[in-house]
């Protein structure tokens, strides 16, 4: 009764040898002990009801968590805990209907959350066009996967070129597999409650991560649509700053005294590194302002731009200020201020006035945007910092990058404790007061933030309720994920009032203030870092810009060539129709260009393109309809390149 198992496991081993070896020890002995070709001919003939009944009985003895039986049409089915995994009438027809609808959805990736007996992925694999899709099958319980391999013939499924399995993996690993395959925004998740109930906690975790990734992708799309041209405009205006300013990388590792020529210096903490204190602009920052001078004597202080006014109000200039937002409003966080003892860590696409800020030194982090990335790839990185969508995530990563093994946060509330949105006196709060009027008062504006439709309830570090929102929960998820993957760095919070973040522990400020001052060590830290490196040679910089412009002009020329060919096709030119393959060659050349990402900064997002398509009348002819779509894409691409070249 094991011929189906033998054939399937042989195909599985052939495609996924490493995974098969990992799972081999968990295979039921009765399956491993059977001859490789036992009953090969008759057992695989599922149309023979008698044989199927025997197979159901055999499988019930091997996999007791399922109740195998025959559906009304004689096909194998099963239930678990009284819940049917598949149709009790015609499991194959049901699977074919669901699979056909899934493939019509247009997604590139099909994610099967729970395999059941395998009817659904099997049916999907047999539909025309399935071989162009990516199949990802998730099954946290290896025994359930084995039950599927012993139930149905998977020979068609194993022919899918882009087939992946996550068997016995964590939900985080499964989510990463989907991300690596193209992302959840390109995925259709096929899930049936009866097939996930056996590992509901695991699948709940996976679905949570899927939602987080989709939310993040949505935020990224919204941000690109709103700020793409601004990033490009600022980056082009700041090219001279990018050439002449050094990089934040000069400070990387300088706070770690456990290695290098200065390892013999007295360690300021048990872990041999300088601690850092992250100063975010949440309401709880107010509590530590009276102690900020004492804190600065005991740690490297790193403030986000929105917290600077509050720090200066306490007559303390932080060691570092981090600014990543390219918007004009972000530049106002520094407007009219002076911090001659502070070092500003900025993004090269920041609003140009930021680079006139009166401070000790300005250094650049590695750019988050295509123009800066293009230049740095050829001339060297300024200093890579992570971006979790918030300046606080970049500031935290800077603390980690300089070598701090202990990071203490304050103002990192990610919610509205005591119904406050920001620390009093922050640029954000001042802007609300400036913009208030009799009919639109400051309290009304704050109330709209506190009670907006997307706000959610969360828990603080004492388990009390706190108002937060989807965006800040996304930031919290970034911290949780990043902290979980970093065993060398510990993160603490001085306040219990903010949204509780898994992996961040509460540490009372009083305990921190009992630590000794580290004046000498901080002086050594800045001496070790020295003057920031990564200045760009003028001639090389100019050559890279010239190369970029030439590459973009070539893409523009290809786009115009594509537009002309599309016009000929739409006019019914027979010779053009015969040259339809020329569009594929044009696309291949464009996608192969190193400069394409720069143009994408002002190129419409997929969502914007869909809006353009939906407002466009298409010919009935599939050939001409595709020509119209291609023409739209080439036209938008050409326009975006012309916009960039005007700015540059």
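Residue numbers (the numbering used here): 8 to 655.
For each residue, glycine too, the CB sits at the ideal point set by N, CA and C.
A quick note: this is a predicted structure, and the numbers were derived from the prediction, not measured.
- Residue environment analysis places residue 245 among the buried positions, since at least 16 neighbouring C-beta atoms fall within 10 angstroms of its C-beta.
- In this structure residue 262 is not in contact with residue 360, their Cβ atoms being roughly 30 Å apart against a cut-off of 8 Å.
- Judged by DSSP secondary structure, residue 348 falls outside any alpha helix (DSSP H) and instead within the beta strand (DSSP E) spanning 345-353.
- Residue 545 counts as exposed, since fewer than 16 other beta carbons sit within 10 angstroms of its beta carbon.
- Here the region 518-530 makes no contact with the region 239-254; the two share fewer than three CB pairs at distances below 8 Å.
- If you draw a 10 Å sphere on the C-beta of residue 89, you find fewer than 16 other C-beta atoms in it, and that means exposed.
- Here DSSP, grouped into helix, strand and coil, assigns residue 15 to helix.
- Distance check between residue 184 and each of 159, 211 and 144 places 144 closest, using alpha-carbon atoms only.
- Taking 4 residues as the minimum length, the alpha helix (DSSP H) runs contained wholly in the region 52-134 are 56-69, 98-111 and 126-132, in order along the chain.
- Beta-bridge partners of residue 513 (DSSP): 500.
- The beta carbon of residue 514 lies closer than 6 Å to those of 499 in the same chain, with the five residues before and after it left out.
- 242 is the residue among 57, 627, 311 and 242 whose C-alpha sits nearest the C-alpha of residue 655.
- Annotation for residue 365: the continuous beta strand (DSSP E) segment containing it runs 365-371.
- Annotation: residue 644 to residue 627 spans about 25 Å, alpha carbon to alpha carbon.
- The way I'd put it, the region 550-563 doesn't touch the region 580-593; fewer than three beta-carbon pairs between them come closer than 8 Å.
- Inclusion of residue 536 and residue 641 in the CB contact set at 8 Å is not warranted, their separation being larger than that value.
- Rounded to the nearest angstrom, the gap between the Cα atoms of residue 568 and residue 493 is 50 Å.
- Under the 8 Å Cβ criterion, the region 143-160 counts as touching the region 205-218, having at least three qualifying pairs.
- DSSP places residue 169 within a strand segment (E or B) once states are collapsed to three.
- In chain order, 250 and 386 place their CB closer than 7 Å to the CB of residue 548, counting only its own chain and leaving out the 5 sequence neighbours on each side.
- Bounds of the beta strand (DSSP E) holding residue 142 are 141-146.
- For the 8 Å CB-CB criterion, residue 67 and residue 84 do not form a contact.
- Comparing alpha-carbon positions, the option among 208, 108, 258 and 177 lying closest to residue 197 turns out to be 108.
- In the same chain as residue 649, and ignoring 5 residues on each side of it, the C-beta atoms closer than 8 Å to its own belong to 563, in chain order.
- Contact between the region 134-144 and the region 163-178 is established, with three or more Cβ pairs separated by less than 8 Å.
- Taking a 10 Å sphere around the C-beta of residue 574, we find fewer than 16 other C-beta atoms and assign the residue as exposed.
- A residue is called buried once 16 or more other Cβ atoms fall within 10 Å of its Cβ, and residue 15 is buried on that count.
- Beta-bridge pairing by DSSP links residue 467 to 506.
- Partner residues in the beta bridge of residue 198, as assigned by DSSP, are 120.
- By the C-beta density criterion, residue 482 is buried, having at least 16 other C-beta atoms within 10 angstroms.
- DSSP lists 286 and 328 as the bridge partner or partners of residue 310.
- In the displayed model, residue 548 falls within a helix according to three-state DSSP.
- For residue 309 and residue 416, the gap between their C-alpha atoms comes out near 10 Å.
- Residue 374 carries a coil assignment under DSSP once its states are collapsed to helix, strand and coil.
- For residue 112, the CB contacts under 7 Å within the same chain, skipping 5 residues up- and downstream, are 195 in chain order.
- Relative to the Cα of residue 551, the nearest Cα in the group 570, 601, 505 and 572 belongs to 601.
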